[in-house]
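Colleague: Below is a structure I'd like to ask you about.
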Amino acid sequence: MTGVERAPRRRRRLWAAVAAGALLAVAPVVAVLVTQARRPAQVGYSAFVAQLQAGNVASVTAHDHTLTVTLAEPVAVPVLGGGERELATFATTLPSFAQPELAGLLAAHGVDVSALPADAQRHPLVTYLLQLVPALLLLGGGFLLVRRLGGNLGFAIGKSEPKRFDGTALAVTFADVAGIDEAKAELEEVVDFLKNPHKYTRLGGTAPKGVLLVGEPGTGKTLLAKAVAGEAGVPFFSMNASEFVEMIVGVGASRARDLFKKAREAAPAIVFIDELDAIGRARGAGSYSGANAEQEQALNQILTEMDGFSAREGVIVIGATNRPDVLDPALLRPGRFDRRVTVQAPDKAGRLAVLQVHTRGVPLADDVDLAGLAAKTPGLVGAELRNLVNEAALAAARRDAEAVARCDFEDALEKLVLGPKRPLVLSERDRERIAYHEAGHAIVGLVEPEADPVSRVTITPRGHSLGVTYQAPDDDRYNYTEAYVRARIVGALGGRAAEELVYGDRTTGAENDLEQVTKLARMMVTRWGMGSGVGPLSLASRDDPYLGGGAPAPSAKPLSEEMARRVDAEVARIVDECYRRAKELLETHRDRLEALTRALLEHESLDEPEILAVVGLEGKREDPVAA
């Protein structure tokens with residue numbers, strides 16, 4: 001039975017359990033209500049004494065502090081809550097001070113007195129349920145716990161539930177994976193081994209037991225693993241590493257054994273463990289808590305299983321992580337994950353290939369240039385590019401268009417980078433100031449020689465931004481010159497410089513710009529040795545390449561007060577020089593600043609050809625229209 005077939009059965013079982021629980025919860029309440037409905041009316045103690053003195057009380061039954069009174073003749077008596085009722089039997093609460101005198105009165109009037117045990121008036125059903133419900137709750141809680149831990153009442157707690165895909169049924173192949181050709185080339189040998197194992201084993205060679213895919217989220221690690229299985233035509237077992245760790249000690253190790261057992265039975269096969277860092281962290285580095293002990297046990301079992309099967313069994317383990325720095329060294333030694341494949345963000349050509357893959361079934365308008373779009377999306381990974389195409393298709397659908405146009409991709413890119421549009425109602429003064437701010441960024445980017453080309457300017461509020469100037473290089477940059485970094489700082493300060501030049505004061509609109517400027521200037525001084533006042537020194541730890549930042553290494557020496565003062569002074573000097581440069585450029589090109597501002601106020605958004613036409617400049621690209 002497949003997972004799809006089991007899902008309805010699980011839902012039916014869940015609803016049955018909910019119904020049973022509801023019944024158990026309601027039944028005691030119903031029983032209590034029935035019991036209360038059968039109880040006699042409540043009468044005050046004074047009314048009872050009056051009937052006793054009148055000689056109209058035949059019998060009294062005592063239960064705790066409650067008296068059930070049977071009258072000789074029915075009479076109208078006042079009941080608690082208001083009004084009078086003709087009663088033959090009623091109940092009253094006995095005050096604590098009435099005990100001594102009441103016995104004498106009852107005896108004097110010849111009343112038949114009896115007493116009941118404390119639980120004698122409780123309804124039998126209530127007593128039964130009060131005894132049964134706790135046992136049922138314990139039984140139900142245990143059942144749910146077992147189910148949560150991955151098993152059932154058939155003692156299958158340690159059974160793994162990997163997602164299995166038959167290789168022939170997997171529609172993913174290397175043709176569906178684009179932009180990461182280097183990683184694909186590394187895995188072609190793995191595919192060849194699974195298809196033709198005798199080619200290698202006849203000469204005594206063995207394929208790698210494990211392949212570790214390393215890369216930032218969204219680069220296509222999981223897709224690449226599925227493509228390997230699809231190309232080889234073998235079963236594909238997929239589990240997330242977090243599924244091995246449970247609160248009961250030993251469950252993770254048992255699941256690891258079961259997973260590899262299933263893979264051996266289906267060999268040749270691929271075992272894929274996603275987010276490997278969740279279970280493969282270095283042992284002994286954390287606390288000695290129960291969770292940590294369970295994690296280590298599961299990791300030890302995985303290591304044992306990888307050692308335990310021969311390469312001739314045809315089982316290859318593929319792991320994926322974006323935190324290779326925290327993995328246990330035992331995982332990376334030869335014989336386990338002995339091949340490491342880095343999945344990088346695609347370059348310009350790779351992004352074009354990714355866009356071509358994801359637009360196969362998308363009707364494109366004639367003005368769409370995927371090459372130009374790839375040039376304007378540096379740093380985007382495969383998942384983000386797929387989302388870009390999807391958002392563009394949705395935008396076209398909202399326009400009731402027959403094809404996805406260039407404007408749809410532009411809007412989708414802005415939405416992806418900056419967030420959705422915000423329906424803000426801005427005053428004309430605020431719109432004008434924002435237009436000058438963004439025009440300042442654009443003019444500096446156009447006239448500063450080392451700055452990236454300006455591809456789009458908008459004053460439409462998006463996300464946390466009131467406007468944006470989008471710049472993208474012609475080609476991917478992997479090595480930055482000092483002039484290029486300074487040009488980025490100058491461009492980021494162009495908006496604030498334009499506001500000061502036009503209005504003579506400053507606003508809070510440059511907050512994000514100043515954050516970027518300060519970060520770049522500090523990196524120039526502390527990491528890249530570009531500060532003349534400090535020299536070629538490395539004074540900061542390298543940021544984690546996958547998380548976008550990291551804590552300093554434990555061995556990193558803190559800066560002295562004197563060195564920190566020199567660093568701060570050098571950072572301030574660089575920023576000041578760049579700010580003066582931005583103001584000089586805008587003063588020189590004041591007429592272009594005014595023209596671009598008027599165009600933004602009229603159209604709100606301008607792309608590169610329109611910007612160049614307004615300011616009367618030639619673009620930095622060879623073909624700006626294609627951008």
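Residues in the sequence shown are numbered consecutively from 1, following our numbering.
We put the beta carbon where it would ideally sit given N, CA and C, even for glycine.
Under the three-state reduction of DSSP, which class applies to Gln344: helix, strand or coil?
Modeller: Looking at Gln344 - three-state DSSP - the assignment turns out to be coil, as it is neither helix nor strand.
Colleague: If you count every other CB in all the chains shown that lies within 10 Å of the CB of Gln42, and 16 or more means buried, which is it?
Modeller: Exposed is the call here.
Colleague: So, under 8 Å CB-CB, Ala185 and Pro235 are touching, yes? Tell me the CB distance rounded to an integer number of Å.
Modeller: Actually they do not touch by this definition, with Cβ atoms about 24 Å apart.
Colleague: Taking the beta carbon of Lys404 as the centre, do at least 16 other beta carbons fall within 10 Å, making it buried, or is it exposed?
Modeller: Reading the sequence as shown, one finds Val at residue 404 and not Lys. With 16 or more Cβ atoms within 10 Å of its Cβ, Val404 is classed as buried.
Colleague: What do you get for Thr526, buried or exposed, if any count of 16 or more other CB atoms within 10 angstroms of its CB means buried?
Modeller: Answer is buried; the Cβ neighbour count reaches 16.
Colleague: Buried or exposed: where does Lys199 fall if 16 or more other Cβ atoms within 10 Å of its Cβ makes it buried?
Modeller: With fewer than 16 other Cβ atoms within 10 Å, it is exposed.
Colleague: Who are the Cβ neighbours of Arg406 in its own chain at under 6 Å, not counting the five residues just before and after it?
Modeller: For Arg406, where only same-chain residues beyond five positions count, the Cβ hits under 6 Å are Asp367 and Val368.
Colleague: Would you mind listing the beta strand (DSSP E) stretches within the region 436–480 that are 3+ residues and don't spill past its ends, in chain order?
Modeller: Listed in chain order, the complete beta strand (DSSP E) runs (minimum 3 residues) inside the region 436–480 are 454–458 and 468–471.
Colleague: Please identify the residue among Lys415, Gln53, Val444 and Gln344 whose C-alpha is closest to the C-alpha of Leu617.
Modeller: When only C-alpha atoms are compared, the closest one is Val444.
Colleague: How many Å lie between Arg340 and Pro378 at the Cα?
Modeller: About 25 Å.
Colleague: What does the alpha-carbon distance come out to for the pair Asp64 and Val251?
Modeller: So the two alpha carbons sit approximately 53 Å from each other.
Colleague: Can you tell me whether Gly110 is buried or exposed? The criterion is at least 16 other CB atoms within 10 Å of its CB, across all chains shown.
Modeller: It counts as exposed.
Colleague: Look up Asp274 in the DSSP assignment and give the residues it is bridged to.
Modeller: Answer by DSSP bridge pairing, in chain order: Asn240.
Colleague: Please state the DSSP three-state secondary structure of Gly616.
Modeller: In this structure, Gly616 counts as coil in the three-state DSSP scheme.
Colleague: Only counting the same chain, and skipping five residues up and downstream in sequence, which positions put a Cβ closer than 7 Å to that of Arg633?
Modeller: Absent from the structure is residue 633, since the part of the chain shown begins at 1 and ends at 627.
Colleague: Go ahead and label Gly280 buried or exposed: buried means 16 or more other beta carbons lie within 10 angstroms of its beta carbon, across all protein chains shown.
Modeller: Buried: at least 16 other Cβ atoms inside 10 Å.
Colleague: Per DSSP, which one or two residues make a beta bridge with His63?
Modeller: Partner(s): Thr66.
Colleague: Judging by CA-CA distance, which residue of Val362, Asp258 and Ser605 is the nearest neighbour of Val468?
Modeller: Taking only the C-alpha atoms, the option nearest Val468 is Ser605.
Colleague: Nearest by alpha-carbon distance to Arg257: which of Glu275, Ile270 and Thr304 is it?
Modeller: The shortest Cα separation from Arg257 among Glu275, Ile270 and Thr304 belongs to Thr304.
Colleague: State the DSSP-derived secondary structure class of Glu86, mapped to helix, strand or coil.
Modeller: If DSSP states are grouped into helix, strand and coil, Glu86 belongs with the strands.
Colleague: Please state if the CB of Val326 and the CB of Asp277 are separated by a distance shorter than 8 Å.
Modeller: Yes, Cβ-Cβ distance for Asp277 and Val326 is below 8 Å.
Colleague: Are the Cβ atoms of Val69 and Thr92 separated by less than 8 Å?
Modeller: Going by C-beta atoms, Val69 is nearer than 8 Å to Thr92.
Colleague: Indicate the three-state DSSP secondary structure (helix, strand or coil) for Pro329 in the structure shown.
Modeller: Looking at Pro329 - three-state DSSP - the assignment turns out to be helix.
Colleague: May I ask which residues mark the beginning and end of the alpha helix (DSSP H) holding Ala572?
Modeller: Run containing Ala572: Glu561 to Thr588, per the alpha helix (DSSP H) assignment.
Colleague: Starting from Gly382, trace the alpha helix (DSSP H) in both directions and tell me its first and last residue.
Modeller: Its alpha helix (DSSP H) spans residues Gly382 to Arg398.
Colleague: Going by the beta-carbon positions, is the gap between Pro346 and Gly314 smaller than 8 Å?
Modeller: Cβ distance not < 8 Å, so Pro346 and Gly314 don't count as in contact.
Colleague: Does DSSP put Ala76 in a helix, a strand or coil?
Modeller: Ala76: strand per DSSP, three-state reduction.
Colleague: Please report the Cβ distance between Ile180 and Leu138, rounded to the nearest whole angstrom; I am assuming they are in contact, meaning their Cβ atoms lie under 8 Å.
Modeller: Not quite, the Cβ-Cβ distance comes to about 53 Å (not below 8 Å), so this is no contact.
Colleague: Figure out for me which residue from Ala298, Leu593, Phe48 and Ala207 has the closest Cα to the Cα of Glu189.
Modeller: For Glu189, the nearest C-alpha among the options comes from Ala207.
Colleague: How would you write the range of the alpha helix (DSSP H) that Ile489 sits in, first residue to last?
Modeller: Ile489 -> alpha helix (DSSP H) spans Glu482 to Ala492.
Colleague: Look at Val389 and His358 and say whether their C-beta atoms are less than 8 Å apart.
Modeller: Yes, Cβ-Cβ distance for Val389 and His358 is below 8 Å.
Colleague: If distances are taken between C-alpha atoms only, which option among Pro334, Val381 and Ile318 comes closest to Ala349?
Modeller: The candidate whose alpha carbon is nearest that of Ala349 is Val381.
Colleague: Quick one: grab the DSSP three-state call for Ile611.
Modeller: Ile611 falls in the helix class under three-state DSSP.
Colleague: Secondary structure at Arg339, three-state DSSP: helix, strand or coil?
Modeller: Strand.
Colleague: If we ignore side chains and look at the alpha-carbon of each, how far apart do Thr222 and Lys262 end up?
Modeller: For Thr222 and Lys262, the distance between alpha carbons rounds to 20 Å.
Colleague: For my contact list, Ala58 and Leu67 are in at a C-beta cut-off of 8 Å; report their separation, rounded to the angstrom.
Modeller: Ala58 to Leu67, Cβ: 13 Å. No contact.
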